[in-house]
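Heads up, the sequence shown is in my numbering, so the first residue is 12 and it goes up one at a time.
All residues carry an ideal CB built from backbone N, CA and C; glycine is no exception.
See structure below.
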Amino acid sequence: MKTPKIIELSRYFDPRGNLSVIEEYKDIPFKIERSYWIYDVPGGESRGGHAYRKNNEFIVALSGSFDVVLDDGKAKNTYHLNRSYYGLYVPEGIWREMCNFSTNSLALVLASTKYDENDYLYDYDTFKIMSNE
Ligand code: TYD
C-alpha cells in the first residue's frame with residue numbers, strides 16, 4: 012500500500028545560490044502530468060479539504076511555510092513544510108487540507124494526473140467509508 016512520506020531532494024550548494032531538483036520516477040514515484048502552485052493565501056485561509064480517487068501529488072514549500080494535514084480514514088498527521096529542498100508525497104485516497112500559510116508562502120504541487128473534477132472526493136463521510144473498505 013502506498014503511504015505518504017517526506018522526500019528529501021538533492022541539494023547543490025553554491026556560493027551563487029543553491030539548487031534543488033525533482034525528476035519524475037527518480038525523486039518522486041510518479042510521472043508528472045501537471046504542475047500548479049498556490050500563492051497569495053490570505054491569513055487564516057485553508058485549501059484542499061478533499062481527497063483524490065487516482066491523483067498522486069508531491070507538495071513543496073518553495074517559499075515560506077504551511078501545514079498539510081493528511082487523513083487516511085483512520086488517523087490524521089500534520090506535516091509542516093518550510094524548506095524548498097524537501098516535499099510531501101501524497102498518494103491517492105488520502106484526505107488532505109493545507110493551512111497555516113505564512114505571508115508570501117508559495118506551495119508547488121506536482122500531480123500525477125491531468126485535472127479532472129470527477130477525481131475529487133468532497134464528501135468526508137463517503138471518503139471514510141471508501142477508505143475503510
Ligand atoms: P481546487 O483543486 O478545488 O483547489 P483546492 O483543493 O486548493 O481548494 O481548485 C480550485 C479551482 O482551480 C477549481 O475550480 C478548478 C481549478 N483548477 C484547475 O483548473 N486545474 C487544476 O489543476 C487545479 C488544481 C485547479
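In angstroms, rounded to a whole number, what distance separates the CA positions of K16 and V80? Locating residue 16 in the sequence shown gives position 5, counting from the first residue. Locating residue 80 in the sequence shown gives position 69, counting from the first residue. So the alpha carbons of these two residues sit roughly 12 Å apart.
With a cut-off of 8 Å on the beta carbons, I'd call E68 and V101 a contact; round off their distance for me. Taking the first residue of the sequence shown as 1, we reach residue 68 at position 57. Taking the first residue of the sequence shown as 1, we reach residue 101 at position 90. Right, the Cβ-Cβ distance comes to about 5 Å (below 8 Å), so this counts as a contact.
Which residues in the same chain have their Cβ closer than 8 Å to the Cβ of E19, if we skip the five residues on either side of it in sequence? Mapped onto the sequence shown, residue 19 falls at position 8. Taken in chain order, the residues that qualify are Y96, Y97.
Tell me which residues share the same chain as D78 and place their Cβ nearer than 6 Å to its Cβ, disregarding the 5 neighbours each side in the sequence. Taking the sequence shown and counting its residues from 1, one reaches residue 78 at position 67. T89, H91, C110, N111.
Distance cut-off 6 Å: R64 Cβ against heavy atoms of ligand 1: Here residue 64 is taken as the residue at index 53 of the sequence shown, counted from 1. No, since every heavy atom of ligand 1 falls outside the 6 Å radius drawn around the Cβ of R64.
Taking the alpha-carbon of D136 as reference, which of D130, W106, S113 has the nearest alpha-carbon? For the purposes of this step, residue 136 is taken as residue 125 along the sequence shown, with counting starting at 1. Cα-wise, what sits closest to D136 is W106.
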